[in-house]
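Residue numbers (the UniProt record's numbering): 1 to 477.
Shown next, in C-alpha cells, is the structure this report addresses.
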C-alpha cells in the first residue's frame, strides 16, 4: 500500500517555479534519468514528478512549506554518490537538488572551523582547509561527494581509525524542517549540554528528518608529514591478526586497510593501476600522520618491526606523496574495478569488532560460495568496517542473481549480529537495506525510530520509505 500522497498537478508545478525559476525546474520526462538513482541503481530507480535545483535556504523553506501543506513527498539529493539507494523518490513527488548551494565561506581561524553549504564537494572543503594550513580529516572514498551528503549519512572512510567519523567534526547545522521552518542546531562552540543533542541525531539521519542548508565543521592543524606502509602476508588470517598488533603500538595510525591479492589483480587488470607490492595473498596498508619527522620515523620503525615479527614477508614504506598516492590509488579504485570486472554488484557494508574480522571474512566467503556468488571482501579493518563485495558473473540470470544475493545478505547480516557487529558501517540503510533492518535491531528499536521520524515529520513527506516504513499505519498520516 502506497502512502496517500498527492499526485502533483500543473498548479503545483507552477508554484514550485514561482518559488525558484523556470530554468531550474524540470517536470516528468524532462528529468534526466541519471537523477533517479545513486551509484547503486540496483536499489531503485524511481522518477520524481518534478526536479528542482535550489539556490538558498529561503527557496528550500518555501518548497517544504508548500509540500507540507499539499502533502507532496520531497527527497533531497546531493551529488548522487550514495551506495544505499537513499536519495530516490520511491513515492514520486519532488526531488530537490542542493548542488547549486555550494558556497564555502572563509576559514574561521579563531575557532578553527569552516562553514559551507550542502552542495559543496568534500574535495573542495579539504582543499579550502589545506590552503589555510588546516586539515579536515573525514576521508570517505568518494571525494566528489557533497558535504551535505557526508553529514546526512555520517560518512566515515579510511582515516576514521585516528580521527573518527563526520559526526565528530560537525559543530553546528542549519536546516529546514518538513513544515518549512528554518532552525539552527547547536552553534560554533566546543561543548554544549543545552537540551537534547538534536544535532547529533540529524547527522546520519539520511535526509528523513530535515534538509541541511549549512554546516560548520571543525578543523585540525595539518600534519606536516606522513607515511604509508604495505605489509604483505601469506594469508588473510595473518593479515587480520596484525591489526591488533598495530593498534597496540604507542603510535595511533591514521588508517588501516586490508586488500586480498585477487582484488588488487582486478584493479591492475581492469584499470591499469599497478600496485607496488607483488608479494602476499593479502596486504595490510597502514598510514601514519605526524607533526614531526622524528615522530613519524619512530612510528614507521615500530610498525615495520612489528610486521616482520608477526609473519609479514616484508614492509614496503612509501614515504613520499607520490609513492603513497600509488598505493591509495589502487585502494580507492576498488569499486570502479569491480564494476569493470562484473555484470553487476551488491555490497554488504557491515561493521564487526576488530577481533572478529578474520572470522567474519572467512565465513562470508563460505556463505557466498554456497549461493554461487563470487565475493571480494575489503575494508577499513582499523574500525572493523568490512565491505563484502558480491560480483555477478555473465552466466547468472537476473532471477538467479536476485535470489542468491538476497539469501547471501540475509546470512551475512545474521553473521554480523552474531559476532557483535552492526548492519551498516558507513553507507547507511537507505532503500537497499531497509528490509533487513527490523530483524537486525528488533521491533522496539523500530518503534523508537518511528517516534523520532514522526516528531520531525508528522506527515511523512521527507524522503519517505527510507530507514523506517509506515505501511499499514494510516492513523499516523
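Note that the Cβ used here is the ideal one computed from N, Cα and C, for glycine as well.
Rounded C-beta distance between residue i and residue j? I'm assuming under 8 Å.
i	j	result
residue 98	residue 148	6 Å
residue 171	residue 113	6 Å
residue 286	residue 253	5 Å
residue 179	residue 65	6 Å
residue 419	residue 352	5 Å
residue 202	residue 166	In fact, because the Cβ distance is near 12 Å, the residues do not count as touching under 8 Å.
residue 354	residue 443	That pair is no contact at about 30 Å.
Hey, residue i and residue j: beta-carbon distance below 8 Å or not?
i	j	result
residue 146	residue 62	no
residue 465	residue 90	yes
residue 84	residue 421	no
residue 441	residue 394	no
residue 299	residue 290	yes
residue 425	residue 40	no
residue 86	residue 206	yes
residue 81	residue 42	no
residue 134	residue 221	yes
residue 123	residue 144	yes
residue 423	residue 360	no
Please list, in chain order, all residues of the same chain as residue i whose beta carbon is under 6 Å from its beta carbon, the five residues on each side excluded.
i	result
residue 163	137
residue 12	none
residue 187	172
residue 392	342, 343, 344, 401
residue 293	225
residue 463	75, 207, 208
residue 457	178
Skipping 5 residues on each side, what residues in its chain have a beta carbon closer than 7 Å to that of residue i?
i	result
residue 71	5, 6, 459, 461
residue 308	315
residue 274	268
residue 232	277, 279, 280, 283, 312, 313, 314
residue 263	334, 376, 378
residue 411	367
residue 357	240, 243, 381, 384, 386
residue 175	183, 185, 202, 210, 211, 212, 213
Only counting the same chain, and skipping five residues up and downstream in sequence, which positions put a Cβ closer than 8 Å to that of residue i?
i	result
residue 469	434
residue 474	In this prediction, residue 474 scores a pLDDT of 44, lower than 50, which makes its location untrustworthy; the coordinate-derived value is nonetheless stated afterwards. These residues qualify, in order along the chain: 4.
residue 339	345
residue 45	33, 36, 37, 88
Cβ of residue i within 7 Å of any heavy atom in the ligand HEM?
i	result
residue 320	Judged by which ligands are present, the structure shown has none, so any question about the ligand HEM falls away.
* Asked: Along the chain, which unbroken stretches of the alpha helix (DSSP H) at least 4 residues long are found entirely within the region 171-222?
  -> 198-202
* **Length-filtered (3 minimum) beta strand (DSSP E) runs lying within the region 372-413** => 374-380, 385-391
* Asked: Should the region 235-254 be regarded as contacting the region 380-390, the criterion being three or more beta carbon pairs within less than 8 Å?
  -> yes
* Asked: Is the region 318-333 touching the region 206-223, taking contact as three or more C-beta pairs under 8 Å?
  -> Short answer: they don't touch.
* Just checking, does the region 48-59 make contact with the region 13-21 on the three C-beta pairs under 8 Å criterion? -> yes
* Jot down the residue ranges of each uninterrupted beta strand (DSSP E) in the region 97-151, minimum 3 residues, whole runs only, in chain order. => DSSP runs (the beta strand (DSSP E)) wholly in the region 97-151: 113-116.
* Jot down the residue ranges of each uninterrupted beta strand (DSSP E) in the region 314-365, minimum 3 residues, whole runs only, in chain order. => 316-318, 345-351
* Counting Cβ pairs, one atom from each stretch, are 3 or more of them under 8 Å apart for the region 148-160 and the region 253-265? -> yes
* Which full runs of the beta strand (DSSP E) of 3+ residues lie inside the region 238-295, going along the chain? -> 255-260, 282-290
* Asked: Does the pairing of the region 106-121 with the region 191-205 give three or more beta-carbon distances under 8 Å?
  -> no
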